[in-house]
Structure formats: C-alpha cells, structure tokens
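Trainee: Below you'll find the structure I mean.
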Amino acid sequence: MAKKKATQTKAAAKKSSAKKATAEKTTKKAAATTKKTAKSDDGEKAPVKKKRKSRVKTAEVTRRKLYWGVFNHAMKRVALYEFNQRKAAEKRAAELSPEGKPPHFVQKVKEEVVEEKEKKLTAKQLKEQAETDAAEVATKKKKKSAK
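Residues in the sequence shown are numbered consecutively from 4, following the working numbering.
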C-alpha cells in the first residue's frame, strides 16, 4: 500500500508539474497579447492602434509673373508696369525724380499669379446660366429701346 501511495504521489507530482508548465506557457502568451492589446472599461481587450507614418507634404507650385516696378528712395513701390513696358517704367521714374530730389529707380518685381479654379458645371447649370444671360440681354435691349 505504501508503494501504491508513493507511485500515486509521483504521478500526481508529474501531472501537476505538467499543468504548471502549460499554465506558464499560457500566461506567457497572455502576457504577450496584453502587451499588444489594451483593456477597455468593460474588461474586454481592444486592439492597440499602430502609429501612422507621417507623410511629407509636397510644396504647392505657385506661378509668378515678372513686372517692372518704379521705386522711390525708401524702397516704396510707386508704379508697376508689365515686363514688356520697360521704357514706360523708366520714363515714369525720370518724371518722378527731378533735379534736387531723391531719384526714383526701376527694378524687377515678381508677383504671384492668382488663378481661380474653373468650375465644372453640369448640363443643367449651363442651361440655367444661358437662360439668365439671355434674360439680362433682353432687359438691356428693352431699356435701350424705351429711351
């Protein structure tokens, strides 16, 4: 009987050590998953959101146009001329700077071109626009004929 009890306790010890080993494995797995997930208020596991990679913003291309500017001695722009009108700009600078006064000078100026994006209209909107334009023309003709 003593032998029987000894073998039973050895078998029980082996089983318990096997259970402990499996329990350790499961706790390691659970610990690994808890690192990946966060617990919500309800006790349920919610997945942790991964950090989003930042994107580099591309610089918008701005169009610029070149002009001739007439400036006074304090670098204040007095007049602005198209680039092909340099002679007119120089003439204006000569007019503004008579003898004894600080001279005005001509310098290149770059200005940004502001473009309005064209609206793409639907066929219905185009038709309505044409009707309103026609109505405006008709009212102008009536006013002219009434005079």
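C-beta: ideal position from N, C-alpha, C; glycine also. Source: prediction; values computed, not measured.
(1) Taking DSSP as the reference, what is the three-state secondary structure of residue 140?
(2) Where residue 89 and residue 109 are concerned, what is the direct C-alpha to C-alpha distance, given to the nearest angstrom?
(3) Would you report the Cα separation of residue 132 and residue 113, rounded to the nearest angstrom?
(4) Does residue 73 pass the burial test, meaning 16 or more other C-beta atoms within 10 Å, or should it be called exposed?
(5) Are the Cβ atoms of residue 77 and residue 95 separated by less than 9 Å?
(6) Rounded to whole angstroms, what is the Cα-Cα separation between residue 68 and residue 91?
(7) Go through its chain and collect everything with a Cβ distance to residue 100's Cβ below 7 Å, but skip five positions before and after it.
(8) Give me the Cβ distance between residue 65 and residue 115, rounded to the nearest whole Å; I'm assuming they're in contact under 8 Å.
(9) Alpha carbon to alpha carbon, how far is residue 118 from residue 130?
(10) Just to confirm my understanding: we take residue 111, look at its own chain, exclude 5 residues before and 5 after, and list those with CB closer than 7 Å. What are they?
(11) With residue 114 as the anchor, note down where its beta strand (DSSP E) starts and where it stops.
(12) What did DSSP end up calling residue 39 once you bin it into helix, strand or coil?
(13) Going straight from the alpha carbon of residue 58 to that of residue 50, what length do you get?
Mentor: The short version:
(1) Correct three-state label for residue 140: helix.
(2) 8 Å
(3) 37 Å
(4) buried
(5) Taking 9 Å as the Cβ cut-off, residue 77 and residue 95 do not qualify as a contacting pair.
(6) 18 Å
(7) 106 and 107
(8) 5 Å
(9) Across the structure, residue 118 and residue 130 are spaced so that their CA atoms are roughly 25 Å apart.
(10) 69 and 71
(11) 108-115
(12) At residue 39 the pLDDT is 49, less than 50, meaning the model places this residue with poor confidence; the figure from the coordinates comes in the next sentence. Helix, per DSSP.
(13) 24 Å
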